[in-house]
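Comments concern the structure below.
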Amino acid sequence: MEKTFEQLKWEMEIIDEFIEKAYEGLIIIDHKGNIIKFKYERLLDVKEEEVIGRHVTEVIENTRLHIVLKTGHPEIGDVQMIRGNNVVTSRIPIIRDGKVVGVVGTILFKDVTEVQHMAEHLDRMKRHVKKYKQELKRLNGAKYTFDEILTNDKHMQSMIDIAKKTAVTNSSVFVEGESGTGKEYFAHAIHENSYRKYGPFVKINCASIPENLIESELFGYEPGAFTGASNHGKIGKFELANGGTIFLDELNSMPLEMQGKLLRVIEERELERIGGNSRIQLDVRFISACNQNLASLVADGKFRSDLYYRLNVVHLKLPPLKNRKKDISMFAHHYLKFFSNDYPNCPNGYSREALHALEAYHWPGNVRELRNVVESAINLSTKPSITASDLPDYIYQTKSSEGIKFEIDSDFDGDLKSHMDRIEGEIILKAINQAHGNRTEAAKLLGIHRTALYKKLSKLGIME
Ligand SMILES: Nc1ncnc2c1ncn2[C@@H]1O[C@H](COP(=O)(O)OP(=O)(O)OP(=O)(O)O)[C@@H](O)[C@H]1O
Ligand SMILES: [Mg+2]
């Protein structure tokens, strides 16, 4: 429908008013460079009717509008001196059928100091936001990234690669590994590498919440939902994690009854607070961890298989430190360097014997234990390098063969072979003891193959 003259006039008035308010100044020139619109009164003290039809160069000092008319290239945020003020301008060509038919010039700021003030203001705001973000993260966020997960081991590196790849998806991840192998580091890093990183990271340690409180901790409750409930009600951890990641640590400790409820939450992506009657939409990603073989708990009926399959979409099995020989020496040096700032006379290396002892040990507490051992050795050390005797006895026994007695009865009962067998047996038992029952480690200490050790054990009748 054609617009009436009245409608057009009304629209023009609105546009005029908008221009007046939106810009400190605005000027439009035609294809010859003559002024056709002039809202510059606030800057130049010249009325529009006095300049309409005149060439822009006659009216505005240092103008470049006529140049943009020729080049057809917009100039945005340029600084131009007008009446002793540095103003911030933009010049935009108007193009019709490929030809420049005019140019619009606008003044965004009358004075560059205005821009400086704005930039400073923005800077201040940014600093505030950063501070709040850090605080929020400290309270409810992930602390570690993939940069902090160190390794020189191929298998561990492949776990990191899978974790990085999966981080950007929404798939549930299950991390399995002995205590101290870095499961929690992985959970944090996956969250930090995901698009949920600005959302919360909420950790739930299934082993540390008493069984009778776990439901209210996870689901929250409405005021007065049960005896002893707070009058204000409580937001559950699941709800707190909305938009982010939930990290279910020590998953094996989740009571069977809760497992069923958790499964429902994962399937329906909804939950209800205890005592509530409205359903809350849930948008969370699940990462869980366990230091036991959860599959065997499933097989024993101690963990629901349907929940296990739901949570175990991506499975990361972190290798124990004892199987990552390169990592043992890497971490040993890493922690030495790490502690060197705190200890003025910190040694700067390890003796070969010390390093061998570290590599031979079975590290049940993995990286966490190694870190403690290094710290303790630094404290005991009196030399430029950490020596084997600075290590705890259970890692390095200086008098390792002292316990073996080579006594022969006075009446010399028994032949050479039986004496030799007895002594061999004692040496083997000593090695097994030193390796904390680990046969592979014991074989290594003895310098024989594991199968050879088993053969000897069986031959000597000391296989339990
Ligand atoms: N790959 C690694 N790189 C750097 N530090 C590591 C690594 N693995 C473990 N650590 C160190 O070991 C400590 C224990 O790691 P983390 O808490 O992730 O272990 P976990 O597998 O969750 O153990 P737990 O089962 O006992 O809870 C960390 O605080 C960290 O200092
Ligand atoms: Mg942990």
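All residue numbers for the sequence shown refer to the working numbering, where the first residue is 1 and numbers rise by one.
Glycine included, every Cβ here is placed at the ideal spot set by N, Cα and C.
Short Cβ contact (9 Å threshold) for residue i with residue j
| i | j | result |
| --- | --- | --- |
| R96 | L44 | no |
| Q434 | A443 | no |
| E270 | L282 | yes |
| F201 | T151 | no |
| V100 | K70 | yes |
| D249 | N205 | yes |
| G177 | L297 | no |
| K203 | E184 | yes |
| V56 | H66 | yes |
| N231 | G220 | no |
| E75 | R91 | yes |
| I29 | G141 | no |
| I423 | L446 | no |
Alpha-carbon spacing of residue i relative to residue j, whole angstroms
| i | j | result |
| --- | --- | --- |
| N372 | G77 | 58 Å |
| K399 | A377 | Any reading at K399 needs caution, since the residue's pLDDT is 42, under 50, leaving its predicted position unreliable; the model's value is listed next. The alpha-carbon atoms of K399 and A377 are separated by roughly 18 Å. |
| L355 | G233 | 56 Å |
| N438 | I432 | 6 Å |
| L294 | A332 | 31 Å |
| H449 | T440 | 8 Å |
| D393 | N341 | 27 Å |
| F5 | E11 | 10 Å |
| H334 | K325 | 14 Å |
| N212 | G260 | 15 Å |
| L453 | N193 | 46 Å |
| D409 | L457 | The predicted position of D409 is uncertain, since its pLDDT is 48 and thus under 50; no value can be drawn from it. |
| F339 | K383 | 16 Å |
| H128 | L311 | 38 Å |
| K154 | Q116 | 52 Å |
| V68 | F247 | 58 Å |
| G182 | Y144 | 11 Å |
| E464 | G301 | Low confidence applies to E464: its pLDDT is 46, below 50, so where it sits in the model is not reliable enough to give any reading. |
| Y40 | A119 | 25 Å |
| S179 | K430 | 27 Å |
| V87 | Y132 | 35 Å |
| N323 | G276 | 50 Å |
Status (buried if at least 16 other CB within 10 Å, exposed otherwise) for residue i
| i | result |
| --- | --- |
| W363 | buried |
| L256 | exposed |
| N379 | exposed |
| H191 | buried |
| K455 | exposed |
| M159 | buried |
| E2 | exposed |
| Y198 | exposed |
| G403 | Confidence in G403 is poor, its pLDDT being 48 and thus under 50, which makes the residue's placement unreliable; the coordinate value appears in the next sentence. Answer is exposed; the Cβ neighbour count stays below 16. |
| L8 | exposed |
| P347 | buried |
| G243 | exposed |
| S401 | For S401, the predicted model reports a pLDDT of 44, less than 50, meaning its position is unreliable and no value from the coordinates is stated. |
| K337 | exposed |
Expected contact under 8 Å - CB spacing of residue i and residue j to nearest Å
| i | j | result |
| --- | --- | --- |
| I235 | F186 | That pair is no contact at about 27 Å. |
| F226 | A189 | Going by Cβ atoms, the distance from F226 to A189 rounds to 38 Å, so no, they are not a contact pair. |
| V265 | F303 | Contact flag wrong, Cβ pair sits at about 17 Å. |
| Y361 | I395 | 5 Å |
| E359 | I328 | 5 Å |
| V79 | P93 | So it is not a contact: roughly 20 Å between Cβ atoms. |
| N366 | L321 | 4 Å |
| I36 | R54 | 10 Å between Cβ atoms; not a contact. |
| E222 | R273 | 5 Å |
| V314 | T166 | 5 Å |
| L460 | D421 | 6 Å |
| I214 | M258 | 5 Å |
Okay, do the stretch 379-394 and the stretch 345-354 touch, 3+ Cβ pairs below 8 Å being the bar? yes
Taking 8 Å as the cut-off, does the stretch 281-294 touch the stretch 171-179 (at least 3 CB pairs, one atom from each stretch)? yes
When the Cβ atoms of the stretch 19-30 are set against those of the stretch 107-119, are three or more pairs found closer than 8 Å? yes
Is the stretch 115-124 touching the stretch 45-52 in the sense that three or more CB pairs, one from each, lie closer than 8 Å? no
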